[in-house]
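Working notes, beginning with the structure itself.
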Amino acid sequence: MADSCTQCGKCCLHMKRYMLIERSIGDSQHFCHFTLTKERFFARIGGEDLVRYQNRHGMNQFPDACPFLRPAGNESFCCTIYSSRPEHCRRFFCA
Ligand code: SF4
Ligand code: SF4
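Using the numbering used here, the first residue of the sequence shown is number 15, and each one after it goes up by one.
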């Protein structure tokens, strides 16, 4: 995401269809397939992000969101696999 990212979450709210979790080891490690680019990657979640990931409160109203997206307060969102997110997400810049 761009440095000017406001964490509005709009770029992640309809990504569920592309983010396939193929296998999980508990809540903190996930073998994933990002089908849009056919990238396979290993997602790790730790610390505060793991607490956020385990709490789906507030996500029911966003059924199409990426499974790793969570609310971060003040109408913003955070990526709970930010350091291990797929290349598509690293390269994405919104206008
Ligand atoms: S990169 Fe995504 S979360 Fe950040 S401002 Fe753009 S649309 Fe919003
Ligand atoms: S992995 Fe992170 S940045 Fe990529 S779509 Fe999911 S929540 Fe958004």
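Every residue, glycine too, gets a C-beta built ideally from N, C-alpha and C.
Under 8 Å Cβ to Cβ from residue i, same chain only, skipping five residues before and after it: list those, please.
i	result
residue 90	20, 21, 22 and 23
residue 53	47, 100, 101 and 102
residue 51	100, 101 and 102
residue 56	43, 44, 45, 46 and 98
residue 86	21, 66 and 92
residue 71	85
residue 30	77, 78, 79, 80 and 81
Helix, strand or coil: which one does DSSP assign to residue i?
i	result
residue 99	coil
residue 31	coil
Based on DSSP bridge pairs, tell me the residues matched to residue i.
i	result
residue 92	84
Which residues in the same chain as residue i place their Cβ atom closer than 7 Å to its Cβ, once the five residues preceding and following it in sequence are excluded?
i	result
residue 35	44, 46 and 81
residue 68	41
Checklist entry - In chain order, which alpha helix (DSSP H) runs of at least 4 residues are fully inside the segment 36 to 73? => result Within the segment 36 to 73, the complete alpha helix (DSSP H) runs of at least 4 residues fall at 61 to 68.
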